[in-house]
Amino acid sequence: MHRTKSRLLAPSRRGFLGGAGGLIGATALSGSRAFAQGQFPERNLSVTIPTAEGGGADRDARVFASVWKDHIGVDLEYEYYPGAAGQVGYEFYLDKEPNAYNLLFANLGPEVIMMVTQDTGIEVGQDIVYIQQTSSEPMAIWVGAESPIQTLQELVDLSMTRPVTVSTSRLPHPGSIGVLSLAEATGGQFTLVPYGGGNPTAMAAITQEVDASVLPFANPIALADQARVLGVFAETNVAPAESGDAPTVNQALGTSIPNFDSSRAWGVHKAAYDQFPDRIAILKETMQATLEDPAYAEAVKAAGLPTAFIDAGDEAVAMATAASMKELATKYRDLLSGA
Amino acid sequence: MELDAAGLTTLLLHSLSMWWVIIPAVVVGIVMGAIPGFAAHNTIIMLLPLTLAFDVDVALTFMVALYCASHLGGGIPAILLNIPGTGGAAATTLDGYPMAQKGQAAKALALSFVASVMGGLVTSLVTLFLLQYLARVGFYVRSVEMVVIMLFGLALIAAIAAEDMLKGLIAGAFGLMLGAMGADHIYATPRGTFGMLELFDGVPLVPALVGLFAISEALVMLESRGGSAKVSAGVTPTWKETFHNIFSSFRHWWLTIWTGMVGLLIGVLPGAGASIAAFVAYQQAQTFSRHPEKFGTGCEEGVVAPESANNGVTTGTLVPLLAIGIPGGSTAAVMMIVLQYHGVPFGPRLFMTEPLLAYGIIMSMFVSYVLMLFTVFPMARYLSTITTVPSCYMAPVIIAFTLIGAFAPRTFLFDIGIAIAFGVIGYVARKTGYHVAAILIGVILGPLLEKSFLLSMRISGNDPTVLFSSNISKVLWVLLILTLTLPAIMSRIKRRRTESLT
């Protein structure tokens with residue numbers, strides 16, 4: 001309150017001019033420094049985000065970039081290509097010049113599943129290489145704060161009497177597979193309702209248009225009092241304090257459902273990976289330095305996310321995550337694609 | 001923070017102290033809103049690196065002011081050139097442009113500005129005091145109810161088609177068919193995309209909008225020698241006339257208030273937006289008008305209703321973000337990025353931790369509209385002269401600007417091609433008596449209607465009776481039936497009375 005009020009009296013205008021001037025100056029300086037060194041990167045990097053602006057991927061990319069730009073020495077420019085569960089973004093990304101200046105910020109789970117279920121012809125490892133995993137979060141099944149459902153067991157009990165509706169961002173999503181596994185393990189009736197994005201999906205649960213929602217864990221955590229987490233598709237709940245000490249799905253039901261999570265990762269064209277190994281090395285090195293930088297943990301915390309989700313997996317880890325998602329997608333392909 | 005006299009004074013002073021950021025934002029917003037394709041959302045995205053460098057309250061004030069002003073700006077080309085700057089201004093063309101053609105452009109602009117500012121002022125005040133209650137609207141109006149609301153908008157096709165019902169319905173159906181292109185909402189199966197990736201997300205609205213309206217209008221313009229005003233006498237008013245135009249616009253105060261509230265309520269709903277609000281407001285204003293037959297011919301209420309509604313939406317889209325923590329539209333989503341970037345919590349926690357910032361966003365909106373009032377007078381006087389610019393100069397300028405506008409939102413060259421294709425469709429439609437607005441309504445509302453319908457079906461297990469399952473949906477269905485049948489019943493009664501008198 002005082003912080004905001006004090007701005008009322010003096011420094012806002014100065015802040016405005018200073019901010020604008022500083023931004024121009026910083027851009028000029030960072031450009032000239034990179035140019036003077038004559039090494040990669042010599043100009044800003046372009047980031048393709050295959051979802052809409054303002055979503056979780058956008059948030060996470062910007063949080064990472066806020067620290068990474070100090071390590072890589074240039075700024076990042078964002079382009080958003082939502083549509084067809086991420087396919088539009090991937091196709092457009094693949095059409096860009098493979099020069100390691102064009103990067104993809106991926107949501108590994110849903111996007112790898114999409115590649116399988118929608119017969120895109122895009123192959124991880126042949127077209128795209130994920131070079132660095134930045135975070136990983138489990139899927140969570142949750143209800144709105146005003147929902148009469150208090151526990152996961154109550155939701156499952158309800159599913160025995162009538163089909164329970166569960167909002168999901170899209171059908172090709174690890175959360176959707178989590179719910180299908182839950183149905184398989186309990187014999188309950190669950191209907192997935194895809195809302196085409198995290199925000200409308202969450203809204204459907206809060207307003208109780210649907211009985212429950214399944215989304216990456218950060219979503220209900222960010223909603224705080226508006227959401228009640230019933231279960232987490234993980235071995236342990238890594239953010240108990242932020243989720244009202246929610247149980248894991250297996251703890252709540254005594255099942256042995258596998259973990260379902262989604263990881264954010266930076267991807268590059270396979271052609272760029274092969275042609276510019278030096279550039280890829282710089283990208284990896286600076287990304288790793290960013291993940292180890294305490295400022296990154298601070299930035300994650302400031303965005304309202306648990307630092308427990310930071311998961312600095314290297315290329316091998318990121319590619320292994322993608323491979324396991326592909327396996328899951330193949331198993332549930334018919335249910336997720338309406339085939 | 002209490003919203004008592006002291007609290008309100010603090011808020012007002014705080015927002016007024018931001019005048020130095022509101023004024024440039026208003027100017028940028030009006031200009032960008034007036035250029036088809038740019039609008040608030042794209043402009044805010046473009047300026048995001050700058051706004052992220054500001055303090056969070058300065059950044060939010062800047063974005064809010066720009067957002068409000070862009071909706072006011074969107075009405076300018078809609079009236080003067082039959083080219084809506086934003087989707088929300090498409091309904092304004094229906095009566096705004098006929099007024100301009102009659103040499104009443106200055107009057108139409110005054111009506112549009114006053115409706116926009118008044119609608120914005122009223123809805124921001126209502127939101128300030130009733131935020132938590134407005135947030136509840138989303139709890140009662142869901143996919144099922146949205147289906148009926150979309151049908152209200154589609155009902156406008158029938159109204160537009162009054163002169164030639166068959167052609168109107170064909171145009172509307174053609175628009176709906178185009179709107180059905182793209183990946184389906186459940187399984188993301190591509191339909192009618194001809195393998196073109198650029199169409200996977202459906203027909204892009206802005207290129208369709210500028211093509212149907214702007215390019216086709218420019219082509220029609222090239223066939224005439226003069227300006228777009230068929231009556232040029234009195235096109236540039238004196239100051240006295242300008243003041244008269246502006247103050248006489250206030251006599252539509254009641255229509256402005258209730259259509260603004262329609263916009264506010266629709267704006268609160270996730271997935272809805274200014275386009276649907278403006279169409280519904282226009283359609284309802286016509287239904288409840290004493291002279292519905294004058295709509296579409298240059299009727300003042302036909303300008304007031306959509307302009308007030310689309311400004312009501314600006315306030316409404318912020319409600320879910322502030323009250324729940326979920327953005328109600330794409331512009332609000334960008335605002336959320338700024339809040340997150342600065343580590344400011346949003347949703348109800350924002351009111352607990354940063355009440356001055358939370359309420360300040362709404363008050364900034366109010367102050368932006370107050371400051372916009374000062375821009376209204378010179379704009380209402382001088383902008384109308386655009387209608388006297390000879391077509392041979394105006395048409396190329398329109399085509400150049402609108403093609404840039406078509407390219408800007410997604411930066412696809414493909415979208416320029418879409419704009420040209422829709423321009424040709426629009427030109428042929430105009431020449432053959434098919435209404436381009438009916439096509440556009442189909443393109444805009446078709447996908448929204450389909451999405452709401454499919455969600456309702458999915459939730460209910462494909463039970464169509466779900467569409468009548470809630471009390472609100474039943475009331476909305478009754479209102480829709482009345483809306484569609486009342487005009488015909490009333491005109492029949494009127495005719496019988498006239499016949500019995502003679």
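First to last, the sequence lines map onto chains A and B.
Sequential numbering of the first sequence, starting at 1, is according to the UniProt record's numbering.
Sequential numbering of the second sequence, starting at 1, is according to the UniProt record's numbering.
Just so it is clear, CB atoms sit at the ideal spot from N, CA and C, and this is done for glycine as well.
* Any chance the stretch 189 to 206 of chain A sits against the stretch 115 to 124 of chain A, with 3 or more Cβ pairs inside 8 Å? -> no
* **Burial state of residue 507 of chain B, where buried means 16 or more other Cβ atoms lie within 10 Å** => A query on residue 507 of chain B cannot be resolved here, the shown segment of chain B reaching from 1 to 502 and no further.
* To do: Return the residue from the list B:Val137, B:Ile246, B:Val126, B:Ser124 that minimises the CA-CA distance to B:Phe374.
  => B:Ile246
* To do: Can you say whether A:Arg264 is buried or exposed, counting buried as having 16 or more other CB atoms within 10 angstroms of its CB?
  => buried
* Asked: Roughly how many whole angstroms lie between the Cα atoms of B:Ser470 and B:Asn462?
  -> 16 Å
* **Given 8 Å, three or more beta-carbon pairs between the stretch 94 to 101 of chain B and the stretch 332 to 345 of chain B** => no
* Note down, in chain order, every chain A residue with its Cβ under 7 Å from the Cβ of B:Ile45. => Glu53
* **8 Å CB neighbourhood of A:Thr168 in its chain, flanking five on each side removed** => Gly175, Ser176, Val179, Leu192, Val193, Pro194, Tyr195, Thr201, Ser213, Val214, Leu215
* **Touch test, the stretch 141 to 151 of chain B against the stretch 465 to 480 of chain B, Cβ-Cβ under 8 Å, three pairs minimum** => yes
* So is A:Thr161 in contact with chain B if we call contact Cβ pairs under 7 Å? -> no
* Are B:Val262 and B:Ala135 touching if we call contact CB-CB under 7 Å? -> no
* **Distance, B:Tyr97 Cα to A:Val232 Cα** => 57 Å
* State the beta-bridge partners of A:Asp216 as determined by DSSP. => As written in the sequence, residue 216 of chain A is Pro, which differs from the Asp given in the question. A:Pro216 pairs with A:Met139.
* Asked: Any Cβ of chain B within less than 7 Å of the Cβ of A:Val88?
  -> yes
* Terminal residues of the beta strand (DSSP E) in which A:Thr191 lies -> 190 to 194
* Is A:Ala297 close to chain B, meaning its C-beta is less than 7 Å from at least one C-beta of that chain? -> no
* Name the chain A residues whose beta carbon is nearer than 7 Å to that of B:Arg142? -> Thr207, Glu209
* Confirm, please, whether the CB-CB distance from A:Trp266 to A:Leu103 is below 7 Å. => yes
* Does the stretch 320 to 339 of chain A touch the stretch 268 to 280 of chain A, meaning 3 or more C-beta pairs lie closer than 8 Å? -> no
* CB of B:Thr317 within 7 Å of CB of B:Gly329, strictly -> yes
* Asked: So, B:Ala105 versus B:Glu307, is the Cβ gap smaller than 7 Å?
  -> no
* Inside the stretch 235 to 267 of chain B only - alpha helix (DSSP H) runs reaching at least 4 residues -> 239 to 249
* Excluding five sequence neighbours on each side, which residues of the same chain lie with their C-beta closer than 7 Å to the C-beta of B:Gly360? -> Leu11, His14, Ser15, Asp57
* For B:Cys392, count neighbouring C-beta atoms within 10 Å of its own C-beta (all shown protein chains included) and say buried if the count is 16 or more, exposed if not. => exposed
* Asked: What are the complete alpha helix (DSSP H) segments, minimum 4 residues, inside the stretch 428 to 484 of chain B?
  -> 436 to 460
* Give, in chain order, every residue of the stretch 156 to 185 of chain A whose Cβ lies closer than 8 Å to some Cβ of chain B. => Pro163, Thr165, Arg170, Leu171, Pro172
* **7 Å Cβ cutoff met for A:Glu136 and A:Asp311** => First, the amino acid is wrong: residue 136 of chain A is Ser here, not Glu. Yes, the pair counts as a contact, with Cβ atoms nearer than the cut-off.
* What's the call for B:Met46, buried or exposed, on a 16-neighbour Cβ count within 10 Å? -> exposed
* CB contact below 7 Å: residue 340 of chain A versus chain B -> Since the first and last residues shown for chain A are 1 and 339, residue 340 of chain A lies out of range.
* Using a cut-off of 7 Å between C-beta atoms, extract the partners of A:Arg62 located in chain B. => Ile337, Tyr341
* Give a yes or no on whether the minimum CB-CB distance between A:Gln150 and chain B is below 7 Å. => no
* Do you know how far the Cα of B:Ile337 is from the Cα of A:Arg59? -> 6 Å
* For chain A, is any of its Cβ atoms less than 7 Å away from the one on B:Asp201? -> yes
* To do: With 7 Å as the threshold, decide whether the Cβ of residue 394 of chain A is near any Cβ in chain B.
  => In the structure as shown, chain A starts at 1 and stops at 339, and residue 394 of chain A therefore has no counterpart that could be examined.
* Any alpha helix (DSSP H) of 4 or more consecutive residues that is wholly inside the stretch 43 to 108 of chain A -> 56 to 72, 87 to 95
* Asked: DSSP on B:Tyr187, reduced to helix/strand/coil?
  -> coil
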